[in-house]
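Protein chains in written order, with the working numbering: chain A, 1 to 380; chain B, 1 to 274; chain C, 1 to 319.
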């Protein structure tokens with residue numbers, strides 16, 4: 001957790017910092033199909049960087065190019081200042097943890113973990129020392145003589161992790177590391193991963209389709225779609241300041257309102273929705289030409305519900321509650337507004353309701369509003 | 001509805017299996033028949049086994065066939081494995097279409113064509129270089145040529161079932177491609193290679209036509225011997241030989257199946273628990 | 001250190017350096033070696049022989065050693081002349097014996113294939129749909145004859161079909177017939193022999209294909225209102241088509257050139273091209289003619305062979 005809470009660690013904002021991994025104009029084509037489309041990326045030393053996106057977006061292809069399994073169709077990849085575009089995987093200072101773990105079934109845990117060290121021609125007693133060291137770090141010292149088929153899923157994952165880390169690579173690539181684990185194990189492993197990364201100071205690049213996972217783990221994340229980056233930023237930036245509807249919808253959920261700019265000031269923008277007959281006043285730093293079609297995105301947890309209308313002229317909607325989902329910690333209200341659009345509002349259960357009944361009921365007429373700083377204007 | 005279909009399928013299965021086994025069972029029964037005439041049961045006797053074991057010709061032929069089969073199986077396994085790995089893991093390479101054609105053709109090629117063509121080759125080579133002499137060498141070379149095609153099929157099947165993850169992981173950890181082949185690919189292919197070896201061995205022991213074409217004077221393989229004897233009629237000592245072979249093959253097949261089931265369990269628990 | 005030791009040391013160094021270079025060469029060109037070794041073997045011992053067969057089929061039969069005319073000759077003045085003879089091929093076309101043999105071989109092979117399919121398909125289906133333990137046992141039972149000597153299994157049928165053989169003896173003993181029925185040395189015997197010997201070759205590819213099929217498809221078809229026969233014809237059958245084709249080709253192609261079965265079970269009565277080829281070569285010592293027979297047989301079979309390869313490649317691509 002320390003990387004994330006250590007707000008002073010932001011090398012990407014430092015103009016002098018040299019990125020550890022530099023990807024320049026990299027494209028990968030498979031026949032007619034373009035998997036990765038002319039992308040640029042900088043990843044800095046010590047980051048835990050996530051590549052996020054749905055299946056087919058190109059994130060795994062990019063990871064494999066970093067590992068050296070796929071040569072880019074064009075472009076260059078620099079690692080620690082060295083051009084490694086054409087360097088084969090066995091010669092890169094990078095190790096990978098595979099989604100399937102890829103443990104060698106005919107070798108013991110010890111032999112699996114020692115394999116990479118043996119390839120580096122490291123003396124035997126040094127190998128034994130480092131293997132023991134890493135296995136105690138992942139708490140698998142007792143399983144040293146077991147074979148993979150004798151281990152549970154979580155144990156195998158730790159062997160895969162140990163095997164990749166024991167060589168002290170400069171970069172560790174992780175392909176959907178938590179995908180195969182159940183929820184409880186996943187949460188636990190998330191924190192373990194962060195701790196290990198802290199301890200060893202290795203740069204992590206993680207590929208995942210799970211946006212919650214990406215947000216928990218990362219220092220920064222990149223959202224990919226159709227081979228291109230949609231947005232790169234810290235979890236907070238990507239969540240609270242998405243730059244497109246695509247990103248806003250992929251990370252968490254968002255309520256979208258379409259409208260046209262009717263007024264543009266130095267620190268805010270007023271957008272009118274003819275369809276709904278309302279105005280949205282949103283904080284925004286750039287000026288936008290009046291008449292431009294834009295979208296206003298508001299996250300469900302940012303909307304306040306009230307039974308009576310507030311005395312405001314903007315950012316307020318009236319609707320009818322059509323569905324309530326109770327999740328214990330929160331409740332999700334689905335509310336239909338005048339144009340039949342359903343708005344999602346997430347309300348924390350701050351007050352214990354009397355008996356079984358919530359304070360707001362089905363089919364109730366309700367008012368929704370939000371502060372102008374809690375919404376985002378999206379141009380695309 | 002399902003019942004009706006099942007009865008048809010079930011009865012065909014029974015008929016089919018009976019069709020396959022009754023001739024062999026009869027072979028075995030009659031090997032113990034005292035009488036030389038097939039249908040006449042002259043009482044239980046093992047005299048034909050004695051006749052068989054006393055035949056010097058038979059032992060010589062068996063010896064030759066075994067030697068050929070052993071050498072053939074080993075080389076066919078190696079060559080077939082290399083071919084299989086190349087076809088599954090190497091993607092496109094120059095001459096791939098020709099190579100695929102050459103490695104698949106022996107599977108379906110009629111043996112008379114293979115036999116004739118190889119004999120003509122050996123004669124041409126013999127004229128030009130004085131080698132090879134027809135006999136053990138030529139039969140073995142011929143057998144290796146078609147056995148490796150069968151091994152390649154087995155290897156290709158196994159290898160394509162094994163994803164590239166393990167080999168990628170080994171490369172990622174610093175192993176160069178040749179080392180990956182020896183450390184990872186071959187050990188995991190081992191059961192397939194053993195199956196290939198056994199198949200090549202069996203094909204070689206059993207081959208009649210090709211051996212007939214390419215053998216030389218004085219080199220009689222076991223099938224050639226059997227053929228020359230049965231051409232003239234039924235012979236109970238051949239029944240005895242058949243019985244022995246059936247029993248040995250049965251033991252071999254049982255063993256192989258047991259081993260394969262065990263190996264499958266090992267790999268399955270690998271892939272499943274995550 | 002003595003001079004001898006120094007020399008040894010130097011040689012040792014040289015050798016180890018050469019070995020390291022060799023290993024390095026192997027490492028960087030390992031792919032070439034992996035493909036190269038089997039490729040080279042097949043080019044020399046599979047492709048080259050065919051070229052030789054073609055060459056000899058274009059020669060004239062001579063009383064000589066080897067018994068055929070050479071392809072090219074150098075005359076006294078050094079001029080190279082190439083002599084190509086097509087008589088062998090025209091002879092095949094003109095003489096009824098050969099034409100009939102080819103047609104008969106294809107006919108027998110085709111009919112046998114159909115019977116193999118009729119018997120083998122339900123068997124493969126039954127095995128594929130049984131529970132795992134039964135499946136393994138049944139597979140073993142099917143594989144076992146496959147591994148037993150081909151020759152001996154054909155011999156087994158000699159014992160069954162002979163005039164004094166098991167079937168005739170049984171029928172006479174039962175009183176069904178008085179005289180033994182002529183079964184051995186007939187076309188019927190050849191059909192039985194081929195179906196018997198090649199049945200496992202039909203079952204195994206069919207099984208391999210059926211095993212991969214989703215069993216729930218039948219249930220889906222039934223759920224959508226299809227009667228079992230219709231479901232079979234519209235769902236199962238089309239999906240097993242690759243298996244059917246593979247199995248059929250695996251039987252048809254080698255069966256066309258069969259030698260042992262028509263020889264042992266058909267006697268002299270059944271004309272099949274495999275025997276003709278062998279006779280021309282061994283009995284008549286007419287190598288060019290035998291070669292021509294082989295080439296024509298190959299031409300007859302080339303389309304099925306290519307089809308088989310295509311299917312195998314596609315199946316493997318689908319894995």
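Built from N, CA and C at the ideal position, the CB exists for glycine as well. These figures come from a predicted structure and were not determined experimentally.
- If you draw a straight line from the Cα of residue 25 (chain C) to the Cα of residue 111 (chain B), it comes to about 39 Å.
- Listed along chain B, no residue sits closer than 8 Å to residue 250 (chain A) by beta-carbon distance, the nearest being about 26 Å off.
- A Cβ-Cβ separation of about 20 Å leaves residue 158 (chain A) out of contact with residue 171 (chain A) under the 8 Å criterion.
- Scanning its chain for C-beta atoms nearer than 7 Å, with the 5 sequence neighbours on each side dropped, one finds around residue 143 (chain A) the residues 109, 151 and 155, in chain order.
- The alpha carbon of residue 150 (chain C) has as its nearest neighbour, out of B:207, B:147 and B:155, the alpha carbon of B:207.
- Residue 263 (chain C) and residue 274 (chain C) have their C-alpha atoms roughly 9 Å apart.
- Within the segment 126-145 of chain C, the residues whose Cβ lies closer than 7 Å to any Cβ of chain B are, in chain order, 126, 136, 140, 141, 143, 144 and 145.
- In the three-state reduction of the DSSP assignment, residue 97 (chain A) falls in the strand class, which pools E and B.
- DSSP links residue 124 (chain B) through a beta bridge to no other residue.
- In its chain, beyond the 5 residues on either side, 84, 87 and 88 have a beta carbon closer than 7 Å to the beta carbon of residue 156 (chain B).
- In terms of Cβ geometry, residue 146 (chain A) and residue 113 (chain A) do not form a close pair [threshold 8 Å].
- C-alpha of residue 62 (chain C) to C-alpha of residue 142 (chain B): approximately 27 Å in a straight line.
- Identification of residues in the segment 116-131 of chain A having a C-beta nearer than 8 Å to some C-beta of chain B yields 116, 119 and 120, given in sequence order.
- Within 10 angstroms of the beta-carbon of residue 231 (chain A) lie 16 or more other beta-carbons, which makes it buried.
- The beta carbon of residue 31 (chain C) falls within 8 Å of a beta carbon belonging to chain B, placing the residue at that interface.
- The three-state secondary structure of residue 317 (chain A), taken from DSSP, is strand.
- Chain-ordered, the chain B residues with CB closer than 9 Å to the CB of residue 90 (chain A) read 170, 171, 172, 173, 174, 175, 176, 177, 179 and 180.
- Sequence-ordered contacts of the segment 132-161 of chain B with chain A are nonexistent [C-beta pairs closer than 7 Å].
- 8 Å or more divides the Cβ of residue 148 (chain C) from the Cβ of residue 224 (chain B).
- Just so you know, the alpha carbons of residue 294 (chain C) and residue 229 (chain C) end up roughly 44 Å apart.
- Following the DSSP letters along the chain, one finds residue 163 (chain B) in no beta strand (DSSP E), marked with neither H nor E.
- In the DSSP assignment, residue 369 (chain A) is bridged to A:304 and A:316.
- Using a Cβ-Cβ cut-off of 8 Å, residue 184 (chain B) is close to 104 of chain A, given in chain order.
- Judged by DSSP secondary structure, residue 137 (chain A) falls within the alpha helix (DSSP H) whose first and last residues are 124-137.
- Around the Cβ of residue 99 (chain C), a 10 Å sphere holds fewer than 16 other Cβ atoms; the residue is exposed.
- Here residue 287 (chain C) is buried, its C-beta having at least 16 other C-beta atoms within 10 Å.
- Contact between residue 176 (chain A) and residue 207 (chain A) holds: CB atoms are separated by about 6 Å, below the 8 Å threshold.
- The segment 306-318 of chain A and the segment 363-374 of chain A touch, with three or more beta-carbon pairs separated by less than 8 Å.
- In the structure shown, the three-state DSSP call for residue 168 (chain A) is coil.
- Of all residues in the segment 145-162 of chain C, only 145, 147, 148, 149, 150, 151, 152, 153, 155, 156, 157, 158, 159, 160 and 162 place a beta-carbon less than 8 Å from a beta-carbon of chain B.
- By the neighbour-count definition (other C-beta atoms within 10 Å, threshold 16), residue 309 (chain C) is a buried residue.
- Nearest in C-alpha terms to residue 119 (chain A), of all of A:104, A:135, A:167 and A:79, is A:167.
- Neighbours of residue 278 (chain C) in chain B, taken as residues whose beta carbon is under 7 Å from its own, are 112 in chain order.
- Using a Cβ-Cβ cut-off of 8 Å, residue 50 (chain B) does not count as an interface residue toward chain C, since no Cβ of chain C sits closer than that to its own.
- At least 8 Å separates the CB of residue 189 (chain B) from every CB of chain A.
- Cβ-Cβ distances below 7 Å link residue 199 (chain C) to 116, 119 and 120 in the same chain, with the five nearest sequence neighbours on each side left out; the list follows chain order.
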